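Notes for the one structure printed next.
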């Protein structure tokens, strides 16, 4: 009972600070929304279209609109489209010739200029996607033109027949498949921001709330507690339990908000629960360590979050470690954050269960044991000082 009472008193002091509540409740939700919106996965190549006039040009535009790999934005002129390209608002500009209908009806050749910037890494991919749509659309037009030249019948009369035959003709398709990169990063959008912000803010807030433990010590609350029939072990366990409960509550809040507001899927329930509880233990250890290492509440409130932010950035909470140099990736795994993100990646991107994250969980347990062990030793020493 002493342990629960001490934990309850510490929790009331922690949540009684409105500024702390903002950082624990509102700020994580805001950051999840912002980062989740920014890193939404691109649904296709962004193509600026300057369309020509005529029936065939309109039909080509419709085919481009229906292409799953393209996101079409229409522009009235080339200058407007190229300005958008320079601002990186689009990946390429497709210019549909003004005389498209006449050239195709007469059997002439037609070129479609595709404008890209020299720094556009997606230019080649955009060219392939656009060329595929144009080639598919042009096959029936070329067949109708050939038949018109051979039979002397009007091109317009043969085009519907060519299209009907094209729809029933077997096609040879090339399918591309990316090998070796699937499942190495978290899903884009809120599937990325929600789990990484859970890792990020649970640790930061625990470090900042080390100030509460320092205030409790400085106010002599621990000394008064120890004057009664309370063992030092009960005080240590009670304080640890308060940090653990708070970390679990914040984790539950982020998971609930991610699921209900942003539609985040948290993968296998058992694996997700095990990882959440283990990370809460890491956070509790970090909070206790902060409260025993720093000398004043101001130090814990200022330096603690800064250490947490740096570790979170280095550990892949703000950007995937797959995009950084190998040396930075290795350094990132000196923090517990990288192992937690690795475990979430396995759960959310590779559909791993509990057995698939046992390695990262073991390392996180080691971090939690280290933090809690050092904190407990220092706190017990202060209780008997």
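In the working numbering, the protein residues as written are 683 to 1067.
We put the CB at the ideal spot given by N, CA and C, even for glycine.
All of these numbers come straight from a predicted model, not from anything done at the bench.
For residue 755, does the three-state DSSP call read helix, strand or coil?
For the purposes of this step, residue 755 is identified with residue 73 of the chain shown, where counting begins at 1. Strand.
Whose C-beta lies closer than 6 Å to the C-beta of residue 936 among residues of the same chain, with five residues either side of it excluded?
For the purposes of this step, residue 936 is taken as residue 254 along the chain shown, with counting starting at 1. 710, 880, listed in sequence order.
If residue 986 sits next to residue 896, beta carbons under 8 Å apart, how far is it from one beta carbon to the other, in whole angstroms?
Within the chain shown, numbered from 1, the residue matching residue 986 stands at position 304. Within the chain shown, numbered from 1, the residue matching residue 896 stands at position 214. Wrong, their Cβ atoms sit about 10 Å apart, outside the cutoff.
When the Cβ atoms of the segment 921-941 are set against those of the segment 984-1004, are three or more pairs found closer than 8 Å?
no
Distance between beta carbons of residue 962 and residue 930, contact taken as under 8 Å:
As a working mapping, residue 930 is identified with position 248 in the chain shown. As a working mapping, residue 962 is identified with position 280 in the chain shown. Right, the Cβ-Cβ distance comes to about 5 Å (below 8 Å), so this counts as a contact.
Of all the alpha helix (DSSP H) runs that stay within the bounds of the segment 974-1054, which reach a length of 4 or more residues?
979-996, 1008-1014, 1018-1031
Tell me whether residue 1092 is buried or exposed, calling it buried when 16 or more other Cβ atoms sit within 10 Å of its Cβ.
The structure shown does not extend to residue 1092, since the chain is modelled only from 683 to 1067, so the question has no answer here.
Kindly list the residues whose CB is nearer than 7 Å to the CB of residue 733, restricted to its own chain and excluding five residues on each side of it in sequence; keep chain order.
Walking along the chain shown from the start, residue 733 turns up at place 51. Cβ neighbours of residue 733 beyond the five flanking positions: 739, 743, 756, 778.
Alpha carbon to alpha carbon, how far is residue 918 from residue 903? Give it in angstroms, no decimals.
The residue given as residue 903 occupies position 221 in the chain shown. The residue given as residue 918 occupies position 236 in the chain shown. Cα-Cα distance, rounded: 13 Å.
Beta-carbon proximity check, residue 696 vs residue 894, cutoff 7 Å
Reading the chain shown from its first residue, position 14 is the one you call residue 696. Reading the chain shown from its first residue, position 212 is the one you call residue 894. Going by C-beta atoms, residue 696 is nearer than 7 Å to residue 894.
Near residue 1038, what residues of its chain come up, given a Cβ to Cβ distance below 8 Å and the 5 sequence neighbours on each side ignored?
In the chain shown, counting from the first residue as 1, residue 1038 sits at position 356. Here the set comprises 953, 1028, 1029, 1032.
Taking a contact to mean a Cβ-Cβ separation below 7 Å, would you say residue 990 touches residue 1003 in this structure?
Along the chain shown, read from residue 1 onward, the residue named residue 990 stands at position 308. Along the chain shown, read from residue 1 onward, the residue named residue 1003 stands at position 321. No. Outside cutoff.
Is it true that the CB of residue 888 sits closer than 7 Å to the CB of residue 998?
Indexing the chain shown from 1 puts residue 998 at position 316. Indexing the chain shown from 1 puts residue 888 at position 206. No, the pair does not count as a contact, with Cβ atoms beyond the cut-off.
Run through the DSSP bridge pairs and tell me what residue 968 is partnered with.
If you number the chain shown from 1, residue 968 lands on position 286. Residue 968 pairs with nothing; no bridge assigned.
Relative to the C-alpha of residue 816, which residue among 799, 746, 1008 is closest?
Within the chain shown, numbered from 1, the residue matching residue 816 stands at position 134. When each option's Cα is compared against that of residue 816, the closest is 746.
When burial is assigned at 16 or more other CB atoms within 10 Å of the CB, is residue 1059 buried or exposed?
Translated into positions along the chain shown, residue 1059 becomes position 377. By the neighbour-count rule (16 or more Cβ atoms within 10 Å), residue 1059 is not buried but exposed.
What are the start and end residues of the alpha helix (DSSP H) that includes residue 885?
Numbered from its first residue, the chain shown carries residue 885 at position 203. Start and end: 872-890.
Residue 728 in three-state terms, based on DSSP
Here residue 728 refers to the residue found at position 46 of the chain shown. It is a strand residue.
Pair within 7 Å by beta-carbon distance, residue 751 and residue 811
Along the chain shown, read from residue 1 onward, the residue named residue 751 stands at position 69. Along the chain shown, read from residue 1 onward, the residue named residue 811 stands at position 129. Yes, the Cβ-Cβ distance between residue 751 and residue 811 is below 7 Å.
For residue 910, is the classification buried or exposed, using 16 other Cβ atoms within 10 angstroms of its Cβ as the cut-off for buried?
Counting from one through the chain shown, the residue named residue 910 turns up at place 228. When all chains shown are included, residue 910 counts as exposed.
In or out: residue 729 buried (at least 16 other Cβ within 10 Å) or exposed?
The residue given as residue 729 occupies position 47 in the chain shown. When all chains shown are included, residue 729 counts as buried.
Where does residue 1084 sit, in a helix, a strand or coil, going by DSSP?
It is not possible to answer for residue 1084, since the shown part of the chain is limited to 683 through 1067.
Leaving aside the five residues before and after residue 883 along the sequence, list all residues of the same chain whose C-beta is less than 8 Å from its C-beta, in chain order.
In the chain shown, counting from the first residue as 1, residue 883 sits at position 201. Cβ neighbours of residue 883 beyond the five flanking positions: 705, 706, 709, 710, 713, 932, 936.
Going by Cα to Cα distance, which pick from 780, 792, 737, 731 is closest to residue 765?
Position 83 of the chain shown, counted from the start, is the residue given in the question as residue 765. Selected option, being the one with the closest Cα: 731.
Just grab the DSSP bridge partners of residue 775 for me.
Taking the first residue of the chain shown as 1, we reach residue 775 at position 93. Bridge partners of residue 775: 730, 797.
Please list, in chain order, all residues of the same chain as residue 868 whose beta carbon is under 8 Å from its beta carbon, the five residues on each side excluded.
Looking up residue 868 in the chain shown gives position 186. Within the same chain, residue 868 has close Cβ partners 874, 877, 878, 1002, 1023, 1026, 1027, 1030, 1031.
So, with DSSP's three-state summary, where would you put residue 961?
Counting from 1 along the chain shown, the entry for residue 961 is found at position 279. Helix, per DSSP.
Environment of residue 1051 [buried if 16+ CB atoms lie within 10 Å]
Counted from its first residue, the chain shown places residue 1051 at position 369. The residue is exposed, with fewer than 16 neighbouring Cβ atoms inside 10 Å.
Measuring only the C-alpha atoms, how far is residue 672 from residue 1048?
The structure shown has nothing for residue 672, since the chain only spans 683 to 1067.
Reference residue 774; option with closest CA among 1035, 795, 891, 782
As a working mapping, residue 774 is identified with position 92 in the chain shown. Measuring from the Cα of residue 774, the nearest candidate turns out to be 795.
Keeping to the same chain, check which residues put their C-beta closer than 6 Å to that of residue 886; ignore five residues upstream and five downstream.
The residue labelled residue 886 in the question sits at position 204 within the chain shown. Excluding residues within five positions, the ones whose Cβ falls inside 6 Å are 987, 990.
Burial state of residue 950, where buried means 16 or more other Cβ atoms lie within 10 Å
The sequence position of residue 950 within the chain shown is 268, counting from 1. Counting Cβ neighbours within 10 Å, residue 950 comes out buried, since at least 16 surround it.
Could you pull the start and end residues of the alpha helix (DSSP H) that residue 748 belongs to?
Within the chain shown, the letter at position 66 stands for residue 748. Looking at the DSSP string, the run of the alpha helix (DSSP H) that includes residue 748 is 737-748.
With DSSP run on the structure shown, which of helix, strand or coil describes residue 810?
For this step, residue 810 is matched to residue 128 along the chain shown. Residue state, collapsed to three classes: helix.
CB-CB under 7 Å to residue 715, same chain, minus the five flanking residues each way: which ones, in chain order?
To locate residue 715, count along the chain shown from 1; it is residue 33. Cβ within range, chain order: n/a, list empty.
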